[in-house]
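Enquirer: I'd like to ask some things about the structure below.
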Amino acid sequence: MRVHHLNCITMCPPGGRLMDGRRRPKGSSAALVCHTLLVETEQGLVLVDTGFGLEDVRNPRPRLSPFFLTLNRPSFNEEMTAIRQIERLGFNAGDVRHIVLTHLDFDHAGGLDDFPAARVHVMAAEAEAAVAQATWLDRRRFRPRQWSTQPHWVTYPMPFGGERWFGFECVRELAGLPPEILMVPLVGHTLGHTGVAVRQSDGWLLHAGDAYFFHEEMDPHHPRCTPGLLAYQEFMQKDGRLRKLNQERLRELVRLHSRDVRVFCAHDAVEFERLEEESRVPAPPVEEPKVLLPAPPLPNIPTV
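Per our numbering: the sequence shown ends with 304, consecutive numbering throughout.
Structure follows, in structure tokens:
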């Protein structure tokens, strides 16, 4: 399966280096990508998250919360939406048959409306919490105006026991999807948050969503996060204990299985740029096996 890495609109919150860790002039904004995957499969195209969508760009209010518009300052650009990037690759909206969501936050599910025929795969606990709109924060992070495709949602209960994936519980056999795509619950940021694993010929990709926000958080020995992103994670978390536990488990996955699994999150620009560049590098040509021809017979040399 071929995997494309897409940034579906960059958010530019204040804080500069204190937020994204990059050296910037004083007073500059940070840059947080919305990292999505487009996977080409025999069953059609599969999106992992959508980032912001066309209607978010065209009508940000009241579709999105004024609070988060002010805090995250998305750099709205229609050409950066998933649908426009997919069209530039030569596909159309109808080619996207499935969307697998890490969670239903506004910056991960905004493009659902752009793919009205797609089946949407989400954890049941996530759908229930999003629809309930139980808290002030829930009503601002989960935006029902983005859910015109809700009748097409397929929900999955939290797994219990069964076959595991590198020590993690997982949801296999997603309806209509190949076995190379599965969901790996990583609860904490939200109550139904999940990673999405995609198997390639050389190993697995694990889109960890918002299980962490900064690439150095996955350093197995000296993890760290910028002050701005650490504060944002704590503000957004639904279960801090589980969030930190799952971060530790992800670091252990990186420590033990980095050759087999590439772990990345949704908003880190360093990870996105690295993976996007690697995905554009053509594979080396396969060397044709050499055919050894039989040696020619030795000439008859007369003896003296």
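Even for Gly, the Cβ is constructed at its ideal location relative to N, Cα and C.
Along the beta strand (DSSP E) that carries Y156, what are the first and last residues, could you check?
Expert: In the sequence shown, the residue the question calls residue 156 occupies position 156. Y156 -> beta strand (DSSP E) spans 153-156.
Enquirer: Using 8 angstroms as the threshold, is the stretch 122-131 in touch with the stretch 187-196, meaning 3 or more CB pairs across them?
Expert: In the pairwise beta carbon analysis, the stretch 122-131 is classified as touching the stretch 187-196: at least three pairs are separated by under 8 angstroms.
Enquirer: Should T135 go down as buried or exposed, given a rule of 16 or more other Cβ atoms within 10 Å for buried?
Expert: Counted from its first residue, the sequence shown places residue 135 at position 135. Counting Cβ neighbours within 10 Å, T135 comes out exposed, since fewer than 16 surround it.
Enquirer: Apply the 10 Å Cβ neighbour rule to A118 and answer buried if 16 or more other Cβ atoms are within range, or exposed otherwise.
Expert: Position 118 of the sequence shown, counted from the first residue, corresponds to residue 118. Result: buried.
Enquirer: Would S75 pass as a contact of C12 if the rule is Cβ separation under 8 angstroms?
Expert: Working through the sequence shown from its first residue, we reach residue 75 at position 75. Working through the sequence shown from its first residue, we reach residue 12 at position 12. Cβ distance < 8 angstroms, so S75 and C12 count as in contact.
Enquirer: Among R88, E217, G228, D268, which has the Cα closest to the Cα of R243?
Expert: Looking up residue 243 in the sequence shown gives position 243. Looking at the Cα atoms, E217 is the closest of the given residues.
Enquirer: Taking buried to mean at least 16 other C-beta atoms within 10 Å of its own C-beta, is K238 buried or exposed?
Expert: Numbered from 1 along the sequence shown, position 238 holds the residue referred to as residue 238. The residue is buried, with at least 16 neighbouring Cβ atoms inside 10 Å.
Enquirer: What span of residues does the beta strand (DSSP E) with M80 cover, start to end?
Expert: Along the sequence shown, read from residue 1 onward, the residue named residue 80 stands at position 80. Segment: none, M80 is in no beta strand (DSSP E) and carries neither H nor E.
Enquirer: Can you look up M1 in the DSSP assignment and give me helix, strand or coil?
Expert: To locate residue 1, count along the sequence shown from 1; it is residue 1. If DSSP states are grouped into helix, strand and coil, M1 belongs with coil.
Enquirer: I need the straight-line Cα distance from D202 to E180, nearest angstrom please.
Expert: By 1-based counting over the sequence shown, the position of residue 202 is 202. By 1-based counting over the sequence shown, the position of residue 180 is 180. Roughly 12 angstroms separates the two Cα atoms.
Enquirer: Is the Cβ-Cβ distance between V261 and F166 less than 8 angstroms?
Expert: Here the question's residue 261 lines up with position 261 in the sequence shown. Here the question's residue 166 lines up with position 166 in the sequence shown. Contact: yes.
Enquirer: Give the secondary structure of R97 by DSSP, where H, G and I count as helix, E and B as strand, and everything else as coil.
Expert: To locate residue 97, count along the sequence shown from 1; it is residue 97. If DSSP states are grouped into helix, strand and coil, R97 belongs with the strands.
Enquirer: Tell me which residues share the same chain as A283 and place their Cβ nearer than 6 angstroms to its Cβ, disregarding the 5 neighbours each side in the sequence.
Expert: Within the sequence shown, the letter at position 283 stands for residue 283. For A283, the predicted structure reports a pLDDT of 47, less than 50, and the residue's modelled location is therefore unreliable. A value from the coordinates is still provided. For A283, where only same-chain residues beyond five positions count, there are no Cβ hits under 6 angstroms.
Enquirer: According to DSSP, is A31 part of a helix, a strand, or is it coil?
Expert: One-based indexing of the sequence shown puts residue 31 at position 31. Of the three classes helix, strand and coil, the one that applies to A31 here is coil, per DSSP.
Enquirer: I'd like to know whether the C-beta atoms of N7 and F272 end up nearer to each other than 8 angstroms.
Expert: Here residue 7 refers to the residue found at position 7 of the sequence shown. Here residue 272 refers to the residue found at position 272 of the sequence shown. Cβ atoms of N7 and F272: closer than 8 angstroms.
Enquirer: Considering only C-alpha positions, which residue in the set A175, F168, Q233 is nearest to T155?
Expert: Here residue 155 corresponds to residue number 155 of the sequence shown, with the count starting at 1. Of the listed residues, the one whose Cα sits closest to T155 is A175.
Enquirer: For A109, which residues of its own chain have a beta-carbon under 7 angstroms away from its beta-carbon, when the five flanking residues on both sides are left out?
Expert: Counted from its first residue, the sequence shown places residue 109 at position 109. The residues are T50, L101, Q146.
Enquirer: Got a sec, what are the start and stop residues for the alpha helix (DSSP H) F67 sits in?
Expert: By 1-based counting over the sequence shown, the position of residue 67 is 67. It spans 66-72 - the alpha helix (DSSP H) in which F67 sits, taken as one unbroken run.
Enquirer: Under the three-state reduction of DSSP, which class applies to D202: helix, strand or coil?
Expert: Here residue 202 is taken as the residue at index 202 of the sequence shown, counted from 1. The answer is coil: DSSP assigns D202 none of H, G, I, E or B.
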